[in-house]
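K.L.:
Each protein sequence line maps, in turn, to chains W and E.
Mapping to the working numbering: the first sequence position 32 is 32, numbers consecutive.
One gets the working numbering by counting positions in the second sequence from 1 and adding 1000 to each.
All C-beta atoms, glycine included, are put in the ideal place defined by N, C-alpha and C.
2 protein chains.
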Amino acid sequence: MSLLTVGSVAFDAIETPFGKTDKIVGGAGTYISLASSFFVENQNIISVVGSDFPAATLSEMNSRGINTDGLQIKEGEKTFFWSGKYHNDMNNRDTLVTELNVLEHFDPIVPKPYQTSEYIMLGNLSPSVQSTVIERITKRPKLIAMDTMNFWMDIAMDDLKKTISMVDVLIVNDEEARQLTGEYALVTAAKNILAMGPKYVIIKKGEHGALLFSESQMFFAPALPLAEVFDPTGAGDTFAGGFMGYLAATDDITFDNLKRAVIYGSAMASFCVEKFGTERLLEVTQIDIDLRVKKFNDLSSFDLKK
Amino acid sequence: MSLLTVGSVAFDAIETPFGKTDKIVGGAGTYISLASSFFVENQNIISVVGSDFPAATLSEMNSRGINTDGLQIKEGEKTFFWSGKYHNDMNNRDTLVTELNVLEHFDPIVPKPYQTSEYIMLGNLSPSVQSTVIERITKRPKLIAMDTMNFWMDIAMDDLKKTISMVDVLIVNDEEARQLTGEYALVTAAKNILAMGPKYVIIKKGEHGALLFSESQMFFAPALPLAEVFDPTGAGDTFAGGFMGYLAATDDITFDNLKRAVIYGSAMASFCVEKFGTERLLEVTQIDIDLRVKKFNDLSSFDLKK
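#1: Quick one: which unbroken alpha helix (DSSP H) runs of 4-plus residues sit fully inside the stretch 1219-1299 of chain E? Chain order, please.
#2: Comparing C-alpha positions only, which one of W/Ala-145, W/Asn-42, W/Ile-109 sits nearest to W/Leu-212?
#3: Measure from the alpha carbon of E/Leu-1122 to the alpha carbon of each residue in E/Ala-1028, E/Val-1201, E/Lys-1112, then state which is nearest.
#4: Listing by chain order, which chain W residues have their CB less than 8 Å from the CB of E/Thr-1188?
#5: If the cut is a Cβ gap below 7 Å, which residues of chain W does E/Asn-1297 touch?
#6: Within the continuous beta strand (DSSP E) that includes E/Tyr-1119, where are the two ends?
#7: Secondary structure at W/Phe-151, three-state DSSP: helix, strand or coil?
#8: For chain W, is any of its Cβ atoms less than 8 Å away from the one on E/Val-1293?
#9: Tell me the DSSP secondary structure of E/Val-1172 in three-state form.
#10: Is W/Asp-256 close to chain E? Criterion is C-beta to C-beta, closer than 8 Å.
#11: Mind listing which residues of the stretch 1144-1155 of chain E have their C-beta closer than 7 Å to chain W's C-betas, in chain order?
#12: Can you give, in chain order, each stretch of the beta strand (DSSP E) that sits fully within the stretch 1056-1087 of chain E and has at least 3 residues?
#13: So, W/Tyr-119 versus W/Asn-44, is the Cβ gap smaller than 8 Å?
#14: Which whole-angstrom value describes the C-beta separation of W/Met-153 and W/Gln-179, a residue pair presumed to lie in contact below a C-beta threshold of 8 Å?
#15: By a C-beta neighbour count over all protein chains shown, 10 Å radius and 16 as the cutoff for buried, is E/Arg-1280 buried or exposed?
#16: Compute the Euclidean distance between the alpha carbons of W/Leu-247 and E/Ile-1137, then round it to the nearest angstrom.
#17: Whose Cβ in chain W lies nearer than 8 Å to the Cβ of E/Pro-1232?
#18: Measure the beta-carbon distance from W/Ile-289 to W/Ala-267 and round it to whole angstroms, keeping in mind my assumption that it falls under 8 Å.
#19: Just to confirm the assignment, what range does the beta strand (DSSP E) spanning W/Ile-32 have?
#20: Using the beta-carbon count (16 or more within 10 Å), is E/Arg-1140 buried or exposed?
#21: E/Phe-1220: which of W/Pro-17, W/Ser-128, W/Asn-88, W/Ser-301 sits nearest, CA to CA?
#22: With which residues is W/Ala-10 paired in a DSSP beta bridge?
#23: Would you kindly work out how many angstroms separate the C-alpha atoms of W/Leu-34 and W/Ile-24, rounded to a whole number?
#24: Kindly identify the DSSP beta-bridge partner or partners of W/Gly-50.
#25: Less than 8 Å between the beta carbons of W/Leu-170 and W/Val-201, yes or no?
#26: For a cutoff of 8 Å on Cβ pairs, would you count E/Ser-1002 as touching chain W?
#27: What's the gap between the Cα of W/Met-166 and the Cα of W/Met-157?
#28: Quick check on the DSSP output: the beta strand (DSSP E) that includes W/Lys-199 runs from which residue to which?
#29: Would you grab the beta carbon distance between E/Lys-1205 and E/Asp-1237 for me? Rounded to a whole angstrom, and I think it's under 8 Å.
#30: Cα-Cα, which of E/Phe-1080, E/Met-1090, E/Lys-1305 is closest to W/Asn-297?
#31: Work out the CA separation of E/Val-1040 and E/Gly-1242 for me, nearest whole Å.
#32: Can you pull the chain E neighbours of W/Lys-336, defined as C-beta to C-beta under 9 Å?
#33: Please name the residue in E/Ser-1037, E/Ile-1046, E/Glu-1075 whose C-alpha comes closest to that of E/Pro-1054.
#34: So the candidates are W/Ala-185, W/Thr-132, W/Leu-143; which of them puts its Cα closest to the Cα of W/Thr-254?
#35: Let me know the secondary structure DSSP gives E/Gly-1019 once reduced to three states.
Put into structure tokens, the structure is as follows:
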């Protein structure tokens, strides 16, 4: 049940209506692996940082069972940096700065022990980096999931579609699903995405929950209605990490277990937005998670029979 | 378990990306009573139309157990008329024409047999008409629910708040909940609305489902993801009709039963949008409803235990 995460480990500077941060640690790979570390004792990560990246963060990841042998540290280079500002409704954000730095020429080297990973979560990165990782895996994994974003649809649609055809689960948000397929209705968009290759597609709708589709089944997971969304950064990655962590830990890829995984992913994401960056994730306990998942259950369960 | 609906019986002319209609029968009272007629054998309606209103529609209502003794027919006057146009996303519409006609001086007379109604659904109307009906009921009903819209918040907020304080359930959409309370987060908005008097508040989020709140509980019902929303007119009223029809039929106002009622309301609304106006509602069978409700159950149920 070995889990491999591929994704950026980076610096973010975030401004929301509740405040702003200096450079803090962020990146899809960070959020994914932190979230999945609550489910799996050991996992691997492939990423790249510059020599400006704090060693303490890598130690923190190691202490949570995240093996960083595949995380390259580029001497004399700078870590990927993103800065953004959220507006009042928290659904829209402006990117203020993007400095690719070490990501610009990232060659995702896959260490030998990683090459037989059974569960692979490809965080949002260039589709060619994502497909390179898949090509470097020597044994077909049980499940490969990938995230992406509209940026790649704008500049590398062919590459993206090739990579999508190689994975089992595509995780996108509603706007990305629409842009990818040219279809407005999400059921139709999902159908088109399944025709591109994946067996499952998850369409995230932010505060409106998430939809999981297979060719013959459909599942809807609510988002927890929150009084305050403090900082949405990383919520989608945290969802993916909870989802894949749960699947890898339970080693069961039936639709019923994917449904549970979506609920665990949603629960993890609901923590992420409560504080800036990874702050809340770093404090969460197993009991918090159990209680949060129970809340999701209470929120959406009903009994048709009186 | 007597059910009373108060609401407009009207003409609509609708334009959607799928086509346009001439004047067809619409109105909150029409949709509510039609939807609830699938749950209760007999019910009463208070409304007003002009002498231009087709007798055939009243016969159709009567044949479905909707007693129209409280539906006033104003000789020589014209029925309320609304015309609107939906845009591509179907979430926004422009009102092209509003002719109040008979609604302008509507005095909601409550026939004697209606005065002991146990369940009352007040469709969207001026808050003073809604409160007049409540004042004319001689015995406190088991449950009064009301719908409203932002128009009344703009021009009659005090009247509206007074009426809200007299009911048990307020049914609004997300934008209305925000305007009514000045709160963006729906959990906070719901809390504020409960403080205005109602024991329950339902916040409809269109294609994103509906939330039901009591002081201590919260329930989320998904909307059925549809490939095509043909015409959203009346969906909210149909939801309210299914909700109240189910409650009146089961005569049980526990939170667990309100959850079921929200699911039945959502199921009825999912039919409404499949064709123009009331067309689809008029064809629906009991078997259709059972299958649709099962779909909602399949869509949102999961089992946390493996």
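P.N.:
Reading from the atomic positions:
#1: 1235-1250, 1255-1272, 1279-1283
#2: W/Ala-145
#3: E/Ala-1028
#4: Ala-227
#5: Leu-304
#6: 1119-1122
#7: helix
#8: yes
#9: strand
#10: yes
#11: none
#12: 1066-1074, 1081-1086
#13: no
#14: 5 Å
#15: buried
#16: 57 Å
#17: Chain W residues near E/Pro-1232: none, gap ~13 Å exceeds 8 Å.
#18: 6 Å
#19: Taken as a continuous stretch (DSSP letters only), W/Ile-32 belongs to no beta strand (DSSP E), being part of the alpha helix (DSSP H) at 28-36.
#20: exposed
#21: W/Ser-301
#22: W/Gly-26
#23: 15 Å
#24: W/Lys-74
#25: yes
#26: no
#27: 14 Å
#28: That residue, W/Lys-199, is in no beta strand (DSSP E); it is neither H nor E in DSSP.
#29: Not quite, the Cβ-Cβ distance comes to about 16 Å (not below 8 Å), so this is no contact.
#30: E/Lys-1305
#31: 10 Å
#32: Lying before the first or after the last residue shown, residue 336 of chain W is absent from chain W, which here runs from 1 to 306.
#33: E/Glu-1075
#34: W/Leu-143
#35: strand
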